[in-house]
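Residue numbers (our numbering), protein chains in the order written: chain C, 6 to 357; chain G, 191 to 533.
These notes are about the structure you will find just below.
Okay, structure coming up:
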């Protein structure tokens with residue numbers, strides 16, 4: 006049953022299995038295990054980013070396609086929900102319509118980009134997607150009449166999902182709409198993650214891997230490489246848009262900085278590479294590790310920076326705002342020394 | 191016996207259509223300028239916009255030329271190029287601020303020496319940075335595109351953060367040297383002096399690059415290396431040294447572009463290079479990867495387009511460049527003047 010749920014793609018390493026179980030249990034029980042607003046928010050972010058990073062891994066790890074337009078699809082989903090909730094009023098129909106419209110728009114855009122530019126080389130595609138994504142980001146901030154511009158949009162979601170909806174206590178924890186909202190995010194992410202796992206372990210996923218390894222041979226065998234790459238782009242875009250919708254439902258705010266910025270694209274890239282390209286479990290570990298670091302490591306760096314205040318330069322290097330630099334260094338090192346990421350490393354150890 | 195084969199030479203002349211096709215990319219610029227003239231209507235504002243479009247194009251060309259050369263020769267696309275632009279701007283502007291007395295005086299000589307010192311410092315630092323970047327970050331991943339993209343993006347992150355460490359997180363505002371402020375009026379159109387200077391520098395650089403690439407031995411080796419690297423090495427040239435030299439030169443050009451862009455905007459941020467990268471990539475793509483001439487034409491097109499559209503419909507400026515890129519790629523999928531054959 007479990008193996009079937011995982012589409013036959015077992016973690017294949019005791020340590021990895023244990024880590025994944027811990028993450029799953031922590032996320033599933035987050036409202037009961039941890040106290041307070043911040044841990045729950047962190048847990049929700051981890052769920053959403055696992056989905057987002059997994060959808061990016063479908064492109065990068067399985068298809069070998071480097072795209073810088075992933076935040077654009079994420080943003081489309083988020084703005085879909087935001088716009089629908091603004092114009093249709095609060096309600097589940099608005100959430101659903103917004104998510105579907107966002108995903109549809111993402112698929113159409115991905116189809117256009119894919120058909121147009123996937124014939125060219127990896128480097129070319131990366132540059133084109135970067136250009137398109139930045140154009141979309143600029144458009145969103147320019148047309149402030151529709152999108153709220155730099156300020157973004159704040160809107161209402163159904164009352165059932167907000168903390169105003171008190172539903173009594175369970176196991177000593179107060180259950181509110183926020184808890185329900187969290188479980189909506191959790192189960193939707195889990196479901197879509199399993200769906201992505203299903204996709205990459207299907208014949209389609211195998212063909213993608215073949216194309217990644219050698220597109221010339223794959224074409225020679227008779228697979229239409231461009232078609233497969235385009236479909237992968239569309240699927241990944243749809244999943245990213247769904248992640249964006251969940252993010253919008255959770256935050257009740259959408260703005261260019263939280264959904265469309267190049268920084269988020271960099272974050273996604275870091276999560277994929279550090280977790281491990283070409284395995285969906287890499288996305289889980291990468292996203293969990295990264296967001297925990299983002300939330301808690303900065304505090305640690307802050308105190309380290311204060312402790313070294315007397316020394317030259319070191320406090321500046323340890324400044325909590327500079328944590329991205331350390332991740333960048335880690336990122337470069339991991340591309341060189343363990344290109345298969347944490348998951349690849351864990352699996353290797355078992356073999357040797 | 192059969193008749194002897196006909197030995198009359200055949201003269202194959204290039205038809206007009208073929209000639210026109212080869213010249214079309216160059217003709218696009220006057221075409222765009224003409225279109226701009228009719229769309230804008232008022233000759234004086236058209237002239238102002240054209241000059242600032244050309245100035246912007248020249249500055250983008252300076253940044254894009256290094257990128258496209260490195261790509262053509264080494265098959266490396268350097269996403270870290272944008273970070274060099276930022277570093278160049280920060281170093282150059284720091285020098286200009288330190289030489290505040292020189293830039294504040296209304297003497298052309300003092301002003302220009304300050305600018306030259308700033309440019310020199312910026313190019314030295316970015317050139318050295320490029321050398322280190324090549325050795326540490328790029329060298330281990332030659333031939334692997336995916337890894338190249340990833341590590342150079344990593345390099346971009348680290349260098350940008352280092353700028354924050356050295357110069358602090360805030361943007362820096364500053365003033366242009368006295369003699370570069372203000373504008374000259376010609377035929378009723380005001381043209382900023384600095385923009386005219388930028389046009390002159392860009393043009394001079396383009397001509398110099400063409401001369402070096404076409405007329406000197408090192409240019410010959412570089413061009414041959416782009417065409418067929420192993421053959422050049424078999425002839426006994428140490429292509430590796432040429433590689434590094436081109437990478438350093440490309441990085442130094444990014445630094446020069448950064449200083450000039452900083453002076454144009456009169457404000458610099460650590461993220462400015464990242465923002466410029468989008469335009470630089472568009473230019474490199476539509477010009478054809480590896481082609482300096484293509485980058486020049488592409489940069490002018492992008493600069494003019496951006497300024498005309500920003501005047502006519504401000505919200506669509508960047509999008510118009512994407513549209514331009516799309517149109518050109520539909521017409522010529524490899525860019526206008528591709529040097530590197532698609533692999």
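Virtual Cβ for every residue (Gly too), placed ideally from N, Cα, C.
Outcome for residue i when other beta-carbon atoms lying within 10 angstroms are tallied against a minimum of 16
{"i": "residue 262(C)", "result": "exposed"}
{"i": "residue 225(C)", "result": "exposed"}
{"i": "residue 8(C)", "result": "exposed"}
{"i": "residue 117(C)", "result": "exposed"}
{"i": "residue 207(G)", "result": "exposed"}
{"i": "residue 339(C)", "result": "buried"}
{"i": "residue 272(C)", "result": "buried"}
{"i": "residue 30(C)", "result": "exposed"}
{"i": "residue 360(G)", "result": "exposed"}
{"i": "residue 507(G)", "result": "buried"}
{"i": "residue 92(C)", "result": "exposed"}
{"i": "residue 328(G)", "result": "buried"}
{"i": "residue 467(G)", "result": "buried"}
{"i": "residue 447(G)", "result": "buried"}
Euclidean distance between Cα positions of residue i and residue j
{"i": "residue 228(G)", "j": "residue 272(G)", "result": "35 Å"}
{"i": "residue 235(G)", "j": "residue 221(C)", "result": "53 Å"}
{"i": "residue 532(G)", "j": "residue 38(C)", "result": "With a pLDDT of 44 at residue 532(G), under the threshold of 50, the modelled position of that residue is not reliable, and the figure given next carries that caveat. Spanning the two alpha carbons is a distance of roughly 55 Å."}
{"i": "residue 205(G)", "j": "residue 421(G)", "result": "34 Å"}
{"i": "residue 346(C)", "j": "residue 291(C)", "result": "9 Å"}
{"i": "residue 367(C)", "j": "residue 35(C)", "result": "A question about residue 367(C) goes unanswered here, because the residues of chain C that appear run from 6 up to 357."}
{"i": "residue 157(C)", "j": "residue 330(C)", "result": "28 Å"}
{"i": "residue 191(C)", "j": "residue 11(C)", "result": "17 Å"}
{"i": "residue 235(C)", "j": "residue 351(G)", "result": "35 Å"}
{"i": "residue 475(G)", "j": "residue 163(C)", "result": "47 Å"}
{"i": "residue 472(G)", "j": "residue 132(C)", "result": "8 Å"}
{"i": "residue 348(C)", "j": "residue 289(C)", "result": "10 Å"}
{"i": "residue 305(G)", "j": "residue 455(G)", "result": "15 Å"}
{"i": "residue 247(G)", "j": "residue 509(G)", "result": "16 Å"}
{"i": "residue 514(G)", "j": "residue 239(G)", "result": "18 Å"}
{"i": "residue 79(C)", "j": "residue 48(C)", "result": "19 Å"}
{"i": "residue 253(G)", "j": "residue 397(G)", "result": "15 Å"}
{"i": "residue 333(C)", "j": "residue 276(C)", "result": "11 Å"}
{"i": "residue 386(G)", "j": "residue 251(G)", "result": "15 Å"}
{"i": "residue 309(C)", "j": "residue 320(C)", "result": "8 Å"}
{"i": "residue 218(G)", "j": "residue 238(C)", "result": "34 Å"}
Proximity below 8 Å, CB of residue i to CB of residue j
{"i": "residue 309(G)", "j": "residue 436(G)", "result": "no"}
{"i": "residue 67(C)", "j": "residue 213(C)", "result": "yes"}
{"i": "residue 255(G)", "j": "residue 469(G)", "result": "no"}
{"i": "residue 351(C)", "j": "residue 18(C)", "result": "yes"}
{"i": "residue 402(G)", "j": "residue 409(G)", "result": "yes"}
{"i": "residue 130(C)", "j": "residue 123(C)", "result": "yes"}
{"i": "residue 182(C)", "j": "residue 159(C)", "result": "no"}
{"i": "residue 285(C)", "j": "residue 200(C)", "result": "no"}
{"i": "residue 369(G)", "j": "residue 286(G)", "result": "no"}
{"i": "residue 520(G)", "j": "residue 478(G)", "result": "no"}
{"i": "residue 247(C)", "j": "residue 108(C)", "result": "yes"}
{"i": "residue 56(C)", "j": "residue 274(C)", "result": "no"}
{"i": "residue 512(G)", "j": "residue 215(G)", "result": "no"}
{"i": "residue 241(C)", "j": "residue 81(C)", "result": "no"}
{"i": "residue 85(C)", "j": "residue 115(C)", "result": "no"}
Closer than 7 Å: residue i CB and nearest the ligand ATP heavy atom
{"i": "residue 456(G)", "result": "Among the components modelled here there is no ligand, and therefore nothing to report on the ligand ATP."}
Minimum Cβ-Cβ distance from residue i to chain A less than 8 Å
{"i": "residue 276(C)", "result": "Judged by its chain identifiers, the structure shown contains no chain A, and its protein chains are C and G."}
Taking 8 Å as the cut-off, does the region 68-76 of chain C touch the region 95-109 of chain C (at least 3 CB pairs, one atom from each stretch)?
no
Could you say if the region 293-303 of chain C and the region 482-493 of chain G meet the contact criterion of at least three C-beta pairs nearer than 8 Å?
no
What residues from the region 312-331 of chain G come within 7 Å of chain C, judged by C-beta to C-beta, listed N to C?
327 and 330
Can at least three beta-carbon pairs, one atom from the region 176-191 of chain C and one from the region 245-258 of chain C, be found at a separation below 8 Å?
yes
Three CB pairs or more closer than 8 Å across the region 457-464 of chain G and the region 274-293 of chain G:
yes
What residues from the region 135-160 of chain C come within 7 Å of chain G, judged by C-beta to C-beta, listed N to C?
135, 136, 137, 139, 140, 143, 144, 147 and 148
Do three or more CB pairs link the region 91-98 of chain C to the region 37-57 of chain C at distances below 8 Å?
no
Taking Cβ-Cβ distances below 9 Å as the criterion, which residues of the region 439-471 of chain G are in contact with chain C?
461, 464, 465, 467, 468, 469 and 471
Listed from N- to C-terminal order along the chain, which residues in the region 318-345 of chain C have their beta-carbon within a distance smaller than 8 Å of any beta-carbon of chain G?
318, 321, 322, 324, 326, 327, 329, 330, 332, 333, 334, 336, 337, 340, 341 and 344
Interface residues of the region 57-85 of chain C facing chain G [CB-CB below 7 Å]:
69 and 71
Compile a chain-ordered list of the residues in the region 264-295 of chain C whose CB is closer than 7 Å to at least one CB of chain G.
267, 271, 274 and 278
Taking a cut of 7 Å between CB atoms, which residues from the region 504-521 of chain G lie near chain C?
505, 508, 509, 512 and 515
Mind checking the region 229-256 of chain C against chain G and listing, in chain order, the residues whose C-beta falls within less than 7 Å of any C-beta there?
none
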